[in-house]
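**Q** First residue of the sequence shown: 1111, per the working numbering; consecutive thereafter.
Glycine included, every Cβ here is placed at the ideal spot set by N, Cα and C.
Quick caveat, the model's predicted, so the values are computed rather than measured.
Just dropping this structure here.
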Amino acid sequence: MTEIKQYDVVIIGAGPGGMTAATYASRAELSVAMIDQGIYGGQMNNTAEVENYPGFDSIMGPDLAEKMYASSTQFGAEYTFGRVTGIELLDHNRKLVRTDMGDLEAKAVIIATGSEHTHLGVPGEEAYQGKGVSYCAVCDGAFFKGEDVAVIGGGDSAVEEGLYLANLARSVTIIHRHDQLKAQPILQERAKKNDKIKFLWHTEVQAIEGDEQEVQSLSLINNQTQALSTMSFAGVFIYIGLKPNTQAFLNLDIVDQHGWIPTDEQMATKIPGIYAIGDVRQKTLRQITTAVGDGGIAGQAVYEYVSQLND
Ligand code: NAP
């Protein structure tokens, strides 16, 4: 039988929150494992340009992820790859973190699993993923050089990524179900000034259509007049919000009715020794800066928690 590796802290998720918590906890000389099912960086890897992170006028999301990863591992925190399938509570305050790559045991666990893009749920969305439907402009934008693309949504992500796509595509049509954007005013102004960006208000997508190879058009409905239309697009980028990655923790009964995890100011959940940080936490502002703040607080809180267990 393989021996289960023991740590003071296991951090699930290596986005900005998880990586900051790893920096703090390992710098306090706790043994730390950070586990992620993908590359470290989380949503930063899907973000073209970050210009609201202190210290940088502007930095590419993946570059910021690299820098954070270097800091997070400099004091000995380990980074491992694996998909966490659950947490079990053991005797003596220990927690078993089950993963598809083997199990880990820890005195404290920090959940930093973030969130993922909500899907529209319309016909064609799943079938055309990778064939014109995307949730990541940074990853897929270059495939649509000189083409007409649609962006669905009206929040910060839709407008910010629409601006990024306007550098590549022939035109970007932001399709929104209201007649006003929800995005920060600075982003709205930039988009409205950009000649390549058009807006389609009060409009919802009914279906994504194409041939066997790729997306060709969207079936749309105006939600005021009920008028139906079809518009040609080579790509559709969907940015209609986020949903929490908390499926693996439902047995612990620590999530609210929408799936987010409530915590106290120390990032502690209702289970002693289990913390939650970053986008997965019940909060009002989901940003890199707020995830980093959560990570620092949790890194210090686990140090205090583990120290009192050891006393
Ligand atoms: P969001 O703020 O939740 O906005 C989602 C948008 O999509 C809303 O306009 C929403 O309209 C619309 N929507 C939702 N469901 C829809 C559906 N089924 N069909 C059509 N439209 C739909 O999501 P987000 O833009 O992805 O941002 C997520 C979080 O990250 C936010 O907290 C945001 O501030 C943050 N963020 C920040 C930055 C930055 O600071 N630079 C950049 C990106 C993201 P309704 O209002 O009708 O629901």
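(1) Give the secondary structure of Ile-1350 by DSSP, where H, G and I count as helix, E and B as strand, and everything else as coil.
(2) Need the endpoints of the alpha helix (DSSP H) that Thr-1399 sits in, please.
(3) Any idea if Gln-1153 is buried or exposed, counting beta-carbon neighbours within 10 angstroms, 16 or more meaning buried?
(4) Relative to the ligand NAP, is the shortest distance from any of its heavy atoms to the C-beta of Arg-1391 smaller than 6 Å?
(5) Identify which residue in His-1312, Gln-1336 and Met-1341 has its Cα closest to the Cα of Glu-1319.
(6) Quick check on this structure: which residue in Asp-1210, Glu-1322, Glu-1375 and Gln-1334 has the alpha carbon closest to the alpha carbon of Gln-1392?
(7) Sort Asp-1321, Val-1219 and Val-1194 by Cα distance to Thr-1209 and report the nearest one.
(8) In whole angstroms, what separates the C-alpha of Lys-1353 from that of Gly-1224?
(9) Exposed or buried, Lys-1177, counting other C-beta atoms within 10 Å across all chains shown (16 or more means buried)?
(10) Are the CB atoms of Ile-1348 and Ile-1285 nearer to each other than 7 Å?
(11) For Thr-1190, which beta-bridge partners are listed by DSSP?
(12) Helix or strand or just coil, what does DSSP make of Ser-1168?
(13) Per DSSP, which residues does Tyr-1117 bridge with? Please list them.
(14) Who pairs with Ser-1342 in a beta bridge, going by DSSP?
(15) Per the contact definition of three or more C-beta pairs closer than 8 Å, is the region 1215-1222 in contact with the region 1120-1140?
(16) Whose C-beta lies closer than 7 Å to the C-beta of Asn-1155 among residues of the same chain, with five residues either side of it excluded?
(17) So which of Thr-1394, Gly-1405 and Asp-1258 has the shortest CA-CA distance to Ile-1387?
(18) Closest to Val-1315 by CA distance: which of Val-1232, Gly-1242, Ala-1237 and Leu-1360 is it?
(19) With the cut-off set at 7 Å, would you say Phe-1309 and Leu-1328 are in Cβ contact?
(20) What distance in whole Å lies between the Cβ atoms of Tyr-1134 and Gly-1409, which are believed to be in contact at a cut-off of 8 Å?
(21) Which residue's Cα is closest to the Cα of Thr-1183: Thr-1130, Leu-1275 and Ser-1267?
(22) By Cβ distance, which residues of its chain are closer than 7 Å to Ile-1398, with the 5 residues on each side in sequence left out?
(23) I'd like the list of long-range same chain contacts for Asp-1250, defined as Cβ closer than 6 Å, with 5 residues on each side in sequence excluded.
(24) Is Asn-1420 near the ligand NAP, going by C-beta to nearest heavy atom under 6 Å?
(25) Are the CB atoms of Ala-1317 and Leu-1214 nearer to each other than 7 Å?
(26) Could you give the distance in angstroms between the alpha-carbon of Gln-1336 and the alpha-carbon of Pro-1372?
(27) According to DSSP, is Gly-1320 part of a helix, a strand, or is it coil?
(28) At 4 residues or longer, what runs of the alpha helix (DSSP H) sit wholly inside the region 1214-1275?
(29) Quick one: Cα of Ile-1121 to Cα of Ser-1136, how far?
(30) Go to Lys-1302, then tell me how far its alpha helix (DSSP H) extends in each direction, as first and last residue.
(31) Excluding the 5 residues flanking Tyr-1179 on each side, which residues of the same chain have their C-beta closer than 8 Å to its C-beta?
(32) Taking C-beta to C-beta, are Ile-1307 and Val-1282 nearer than 7 Å?
(33) If I'm right that Trp-1370 touches Val-1390 with Cβ under 8 Å, what's the distance once you round it to whole angstroms?
**A** Looking at the atomic coordinates:
(1) On the sequence shown, position 240 is the one that residue 1350 refers to. Three-state result, Ile-1350: coil.
(2) Taking the first residue of the sequence shown as 1, we reach residue 1399 at position 289. Thr-1399 -> alpha helix (DSSP H) spans 1398-1420.
(3) For this step, residue 1153 is matched to residue 43 along the sequence shown. Gln-1153 should be labelled buried.
(4) Locating residue 1391 in the sequence shown gives position 281, counting from the first residue. For the ligand NAP, not one heavy atom lies less than 6 Å from the Cβ of Arg-1391.
(5) Counting from one through the sequence shown, the residue named residue 1319 turns up at place 209. For Glu-1319, the nearest C-alpha among the options comes from Met-1341.
(6) In the sequence shown, counting from the first residue as 1, residue 1392 sits at position 282. Closest by alpha carbon: Glu-1375.
(7) In the sequence shown, the residue the question calls residue 1209 occupies position 99. Measuring from the Cα of Thr-1209, the nearest candidate turns out to be Val-1194.
(8) Looking up residue 1353 in the sequence shown gives position 243. Looking up residue 1224 in the sequence shown gives position 114. Taking the straight line joining both Cα atoms gives about 9 Å.
(9) Walking along the sequence shown from the start, residue 1177 turns up at place 67. Lys-1177 comes out exposed.
(10) If you number the sequence shown from 1, residue 1348 lands on position 238. If you number the sequence shown from 1, residue 1285 lands on position 175. Going by C-beta atoms, Ile-1348 is not nearer than 7 Å to Ile-1285.
(11) In the sequence shown, the residue the question calls residue 1190 occupies position 80. Paired residue(s): Ile-1145.
(12) Numbered from 1 along the sequence shown, position 58 holds the residue referred to as residue 1168. In the structure shown, Ser-1168 sits in coil (DSSP, three-state: anything other than H, G, I, E or B).
(13) Residue mapping note: residue 1117 aligns to position 7 of the sequence shown, counting from 1. Tyr-1117 pairs with Ala-1216.
(14) In the sequence shown, the residue the question calls residue 1342 occupies position 232. In the DSSP output, where bridge partners are listed per residue, Ser-1342 has Ser-1327.
(15) yes
(16) Taking the first residue of the sequence shown as 1, we reach residue 1155 at position 45. Here the set comprises Ile-1149, Gly-1171, Pro-1172 and Ala-1175.
(17) The residue you call residue 1387 lines up with position 277 of the sequence shown. Among Thr-1394, Gly-1405 and Asp-1258, the Cα nearest to that of Ile-1387 belongs to Gly-1405.
(18) The residue labelled residue 1315 in the question sits at position 205 within the sequence shown. Ranking the options by Cα distance to Val-1315, first place goes to Val-1232.
(19) Counting from 1 along the sequence shown, the entry for residue 1309 is found at position 199. Counting from 1 along the sequence shown, the entry for residue 1328 is found at position 218. Against a cut-off of 7 Å, the Cβ pair of Leu-1328 and Phe-1309 comes out as no contact.
(20) Working through the sequence shown from its first residue, we reach residue 1409 at position 299. Working through the sequence shown from its first residue, we reach residue 1134 at position 24. About 2 Å; that satisfies the 8 Å criterion.
(21) Residue mapping note: residue 1183 aligns to position 73 of the sequence shown, counting from 1. Among Thr-1130, Leu-1275 and Ser-1267, the Cα nearest to that of Thr-1183 belongs to Thr-1130.
(22) The residue labelled residue 1398 in the question sits at position 288 within the sequence shown. Within the same chain, Ile-1398 has close Cβ partners Pro-1126, Met-1154, Val-1160 and Tyr-1163.
(23) Numbered from its first residue, the sequence shown carries residue 1250 at position 140. Once the five neighbours on either side are set aside, the close Cβ partners of Asp-1250 are Ser-1244.
(24) As a first step, residue 1420 must be located in the sequence shown, where it is residue number 310. No, since every heavy atom of the ligand NAP falls outside the 6 Å radius drawn around the Cβ of Asn-1420.
(25) Mapped onto the sequence shown, residue 1317 falls at position 207. Mapped onto the sequence shown, residue 1214 falls at position 104. The answer is no: Cβ separation not under 7 Å.
(26) To locate residue 1336, count along the sequence shown from 1; it is residue 226. To locate residue 1372, count along the sequence shown from 1; it is residue 262. Roughly 40 Å between the two C-alpha positions.
(27) Here residue 1320 refers to the residue found at position 210 of the sequence shown. Strand, per DSSP.
(28) 1247-1250
(29) In the sequence shown, the residue the question calls residue 1121 occupies position 11. In the sequence shown, the residue the question calls residue 1136 occupies position 26. So the two alpha carbons sit approximately 11 Å from each other.
(30) As a working note, residue 1302 is residue 192 in the sequence shown. 1295-1303 is the extent of the alpha helix (DSSP H) around Lys-1302.
(31) Translated into positions along the sequence shown, residue 1179 becomes position 69. Once the five neighbours on either side are set aside, the close Cβ partners of Tyr-1179 are Ala-1124, Met-1129, Tyr-1150, Gly-1151 and Tyr-1189.
(32) To locate residue 1307, count along the sequence shown from 1; it is residue 197. To locate residue 1282, count along the sequence shown from 1; it is residue 172. Their beta carbons are under 7 Å apart, which means Ile-1307 touches Val-1282 by this criterion.
(33) Taking the first residue of the sequence shown as position 1, residue 1370 is located at position 260. Taking the first residue of the sequence shown as position 1, residue 1390 is located at position 280. Yes, they are in contact, since the Cβ atoms of Trp-1370 and Val-1390 sit about 7 Å apart, within 8 Å.
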